[in-house]
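Our numbering applies: residue 223 is where the sequence shown begins, and numbers increase by one. C-beta atoms are modelled at their ideal positions from N, C-alpha and C, and glycine is treated no differently. Quantities reported herein were computed from a predicted structural model and do not represent experimental measurements. See structure below.
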Amino acid sequence: MNERGKMGRTLKISVLRYNPLDKKDRPKMQTYEIEETMGMTLFVALNVIRETIDHSLQFDFVCRAGICGSCAMVINGTPDLACKTLTTNFKDGEITLMPLPVFELIGDLSVNTAKWMQEMTHQIEGWIVTNEKVDINLIEERMEPNIADEVFELDRCIECGCCVSGCGTKRMHEHFVGAVALNRVARFHIDPRDSRDDEHWYDLVGNDDGVFGCMSLLGCADVCPKNLPLQSKIAYLRRKMVSVK
Ligand code: SF4
Ligand code: F3S
Ligand code: FES
223 MNERGKMGRT LKISVLRYNP LDKKDRPKMQ TYEIEETMGM TLFVALNVIR
273 ETIDHSLQFD FVCRAGICGS CAMVINGTPD LACKTLTTNF KDGEITLMPL
323 PVFELIGDLS VNTAKWMQEM THQIEGWIVT NEKVDINLIE ERMEPNIADE
373 VFELDRCIEC GCCVSGCGTK RMHEHFVGAV ALNRVARFHI DPRDSRDDEH
423 WYDLVGNDDG VFGCMSLLGC ADVCPKNLPL QSKIAYLRRK MVSVK
């Protein structure tokens with residue numbers, strides 16, 4: 223490493239370029255060469271490319287800290303967060319970036335996960351429903367610590383979409399809700415404040431678009447950047463739904 227923080231090697235970053243709004247455009251790979259610097263993430267690398275080589279390159283970042291989920295993309299074949307991926311992970315310095323499949327392409331590496339997540343939320347009714355009268359002066363209700371821990375664990379989902387893009391079932395079955403949705407259902411199912419019963423959840427996800435559509439391929443669990451227990455929560459939901467009918 224020299225005094226300017228350069229690591230002494232050139233990265234070759236190939237990016238899928240495509241603007242779906244331009245009728246004449248066709249998808250193509252474009253390779254950029256930049257010098258690697260100390261602690262460089264793909265977030266930094268893409269910004270270097272956009273600032274110094276190609277101002278038209280489209281990609282999304284908000285938090286740069288693995289919290290907002292907006293920087294998810296396919297990195298050398300695997301969905302992951304670009305802001306949490308160090309360029310030093312790639313020993314040969316060659317990196318291929320593609321947009322997440324499944325989601326609507328905005329352009330280059332930018333996809334519309336928000337639209338998909340909103341539709342999914344409505345499909346599974348992904349919000350708290352309670353029959354209790356809500357006291358607006360009561361900020362928090364007491365919850366058993368072990369249940370609170372479990373709810374908190376599942377609430378760590380950042381809706382990045384990696385699990386959906388990494389699921390072979392989703393690629394074959396358009397209406398399958400995906401692991402992010404099943405994680406959300408499990409989260410409300412265990413929440414004691416939610417008054418919906420198993421029959422209600424069965425009507426929503428006890429079908430082939432829901433928990434019975436999952437073929438246990440486990441790509442979701444492999445790529446989830448938050449290491450959520452997707453495998454065990456899908457199995458939990460399946461057991462609950464089987465016992466309904
Ligand atoms: Fe991302 Fe994991 Fe949430 Fe899926 S479950 S959207 S991979 S954080
Ligand atoms: Fe897909 Fe995960 Fe099921 S990868 S098939 S949602 S176990
Ligand atoms: Fe927010 Fe990467 S920029 S998770």
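Using a threshold of 7 Å, is the CB atom of residue i nearer than that to any non-hydrogen atom of ligand 2?
i	result
Gly388	yes
Leu279	no
Leu439	yes
Thr391	yes
Ile456	yes
Cys384	no
Would you say the beta carbon of residue i is closer than 7 Å to some non-hydrogen atom of ligand 1?
i	result
Leu452	yes
Asn334	no
Gly164	Lying before the first or after the last residue shown, residue 164 is absent from the chain, which here runs from 223 to 467.
Ile468	Residue 468 is absent from the model: the chain starts at 223 and stops at 467.
Val284	no
Ala287	no
Lys448	yes
Ala401	yes
Please look up how many angstroms separate the CB atoms of residue i and residue j, rounded, as I've assumed it's under 8 Å.
i	j	result
Ile297	Ile317	7 Å
Asp420	Lys462	6 Å
Apart from the five residues just before and just after residue i, which ones in its own chain have a Cβ nearer than 6 Å to its Cβ?
i	result
Lys455	Asn405, Ala408
His397	Asp431
Arg286	Phe265, Cys305
Met262	Thr309
Just the Cα atoms here: how many angstroms apart are residue i and residue j?
i	j	result
Asp330	Val324	14 Å
Ala457	Val266	39 Å
Pro367	Asp357	22 Å
Gln252	Arg239	7 Å
Thr307	Met260	13 Å
Gly388	Asn241	23 Å
Met365	Arg415	9 Å
Gln453	Lys246	43 Å
Thr343	Met229	44 Å
Arg460	Gly288	30 Å
Asp377	Ile346	16 Å
Leu439	Leu450	15 Å
Ile235	Asn429	42 Å
Ser465	Gly390	27 Å
Cys442	Arg393	12 Å
Hey, would you say the C-beta of residue i is under 7 Å away from at least one heavy atom of ligand 3?
i	result
Ile216	In this structure the chain extends from 223 to 467, so residue 216 is not present and cannot be described.
Leu322	no
Gly291	yes
Cys305	yes
Gly261	no
For residue i, which residues from the same chain have a beta carbon less than 7 Å from its beta carbon, with the 5 sequence-adjacent residues on both sides left out?
i	result
His395	Gly435
Val445	Thr300, Pro301, Asp302, Cys384, Cys385, Gly388
Pro447	Gly288, Asp302, Leu303, Lys306, Cys382, Cys384
Asp282	Ser292, Cys293, Ser332
Got a sec? Which residues, its chain only, sit under 8 Å from residue i by beta carbon, not counting five neighbours each side?
i	result
Gly383	Gly291, Ala294, Pro301, Leu322, Val324, Phe325, Val333, Thr335, Trp338, Met339, Val402
Thr232	Glu255, Ile256, Glu257, Glu258, Gly315
Glu372	Ile412
- Query: What are the uninterrupted segments assigned as beta strand (DSSP E) that are 3 or more residues long and contained completely in the region 369 to 439, given in chain order?
  - Reply: Uninterrupted beta strand (DSSP E) stretches at least 3 residues long and entirely within the region 369 to 439 do not occur.
- Message: I'd like the ranges of any beta strand (DSSP E) spanning at least 3 consecutive residues and lying wholly in the region 297 to 358.
- Response: Every unbroken stretch of the beta strand (DSSP E) spanning 3 or more residues and falling wholly within the region 297 to 358 is given here in chain order: 300 to 303, 316 to 320, 326 to 329, 332 to 334.
- What runs of the alpha helix (DSSP H), each 4 residues or longer, lie entirely inside the region 253 to 277? The region 253 to 277 is shown to contain whole alpha helix (DSSP H) runs of 4 or more residues at 264 to 274, in chain order.
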